[in-house]
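Chemist:
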Amino acid sequence: MDIEQRDDGVTAAETVAEARVYAGFTAQSFAQETTAPDDSTVVEIRYSRNSYPINWVVDGETTTEQVKYGAEIVTPQPPAKQGYIFERWLGFDEGMTMGTDGQTFTARWKPAPDTGYTVKHILQELDESYPAEGDLVKNEVKTGATGSQTAAAPKNYEGFTPGPVTQAEILPDGTTVVEVLYGRNSISKMLWAMSTPKSAGMK
């Protein structure tokens, strides 16, 4: 971008050109010239385009880059966060150009709707203990929105009765586990004693 300014001076004297102030630019050093009688003297003052900082904040961690004044701001690749879906950069609008002030944009996510969690259906042993693994432990994998409550529900296992279920918050890393304990049913057996009537003459 070239801007011309005409000033008057005294022939054979040194020019008195002064740098102007332009937002987003800084004047470089320049030399005065001797004023020619034919008005052909030119003093060239060049201006460097300034750069300003942009901060990209992701989960409290900041990455800073320098962007030249007037340049279009280009966002970095959307950051990944387990259990969440990237939504947008807060404060950023498409087509933004760099001004004369620093800018800060913060990543915003929304909960992923399909974060996994595990429901462990644990059937009671004969000694009334509950095993940590084995045939009596049935794992069920389910999904839900990160940060929401699980939706564990008891199943029907013959000979067992489920206890109350305590739901839990779905963690973003998929490690949430809900245990459903099943008590082993007891079957009562009734023994009938039958008496035989005594025969006549028997004492």
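Sequential numbering of the sequence shown, starting at 1359, is according to my numbering. The C-beta atom is built at its ideal place from N, Cα and C for all residues, glycine as well.
(1) In this structure, what does DSSP give as the bridge partners for residue 1384?
(2) Measure how close the beta-carbons of residue 1535 and residue 1478 come, nearest whole angstrom, since I'm counting them as under 8 Å.
(3) If you follow the beta strand (DSSP E) that residue 1498 is part of, which residue opens it and which one closes it?
(4) Report the start-end ranges of each beta strand (DSSP E) in the region 1395-1469 that is 3 residues or longer and not cut off at the edges.
(5) Helix, strand or coil for residue 1561? Go by DSSP, reduced to three states.
(6) What did DSSP end up calling residue 1513 once you bin it into helix, strand or coil?
(7) If distances are taken between C-alpha atoms only, which option among 1370, 1538 and 1399 comes closest to residue 1476?
(8) Rounded to the nearest angstrom, what separates residue 1409 and residue 1510 at their Cα positions?
(9) Taking DSSP as the reference, what is the three-state secondary structure of residue 1372?
(10) If we ignore side chains and look at the alpha-carbon of each, how far apart do residue 1394 and residue 1451 end up?
(11) Sort 1373, 1474, 1402 and 1384 by Cα distance to residue 1442 and report the nearest one.
(12) From the DSSP output, read off the bridge partner residues of residue 1539.
(13) If you draw a straight line from the alpha carbon of residue 1480 to that of residue 1422, how long is it in whole angstroms?
Modeler: Here's the rundown:
(1) 1406
(2) 6 Å
(3) 1495-1502
(4) 1405-1407, 1409-1416, 1419-1426, 1442-1448 and 1461-1469
(5) At residue 1561, the pLDDT of 47 sits below 50, so the modelled position is not reliable and the matter cannot be decided from this model.
(6) coil
(7) 1538
(8) 55 Å
(9) strand
(10) 52 Å
(11) 1474
(12) 1480
(13) 51 Å
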